[in-house]
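Step one of this worksheet: look at the structure below.
Numbering (full-length UniProt numbering), first residue to last: 1 to 121.
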């Protein structure tokens, strides 16, 4: 009878591979902060701050050159023409008549729904 080798997950790490011996010992490496700043990207908030400052400087420079205010103001919207609609196909009186007919049909439907045996043949 074979005894299966069971793994003790509390003491061992499954599928762990030991790191092969390398060419140098990483303990001797020293951390250089200057290298870190060169490798890392610029932080977003710092980038935004720099961009805002550059925009402020550009606007200040343009205002000092006495350019007209219309450049800095909001752009004017086009004036819209008056909306032209076609003539209605039915008049107000005809529309009221259609609504009245609809109400009559609704009341007839309610009567039929209340007493279904009365109208059945």
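Beta carbons are placed, not taken as given, at the ideal position from N, Cα and C, and that holds for glycine. Since we're looking at a predicted model, the values are computed, not measured.
Can you tell me where the alpha helix (DSSP H) holding residue i begins and where it ends?
| i | result |
| --- | --- |
| residue 101 | 92-114 |
| residue 59 | 44-64 |
| residue 33 | 33-39 |
Can you name, in chain order, every residue of its own chain whose Cβ lies under 8 Å from the Cβ of residue i, other than the five neighbours on each side?
| i | result |
| --- | --- |
| residue 48 | none |
Indicate whether at least one CB of chain C lies closer than 8 Å to the CB of residue i.
| i | result |
| --- | --- |
| residue 104 | Absent from the structure is chain C; it holds one protein chain and no more. |
Measuring alpha carbon to alpha carbon, tell me which residue in the options is nearest residue i.
| i | options | result |
| --- | --- | --- |
| residue 14 | 22, 79, 20 and 5 | 5 |
Within the same chain, show all residues whose beta-carbon is closer than 7 Å to that of residue i, passing over the 5 residues directly before and after it, in chain order.
| i | result |
| --- | --- |
| residue 7 | 14 |
| residue 21 | none |
Just to confirm my understanding: we take residue i, look at its own chain, exclude 5 residues before and 5 after, and list those with CB closer than 6 Å. What are they?
| i | result |
| --- | --- |
| residue 89 | none |
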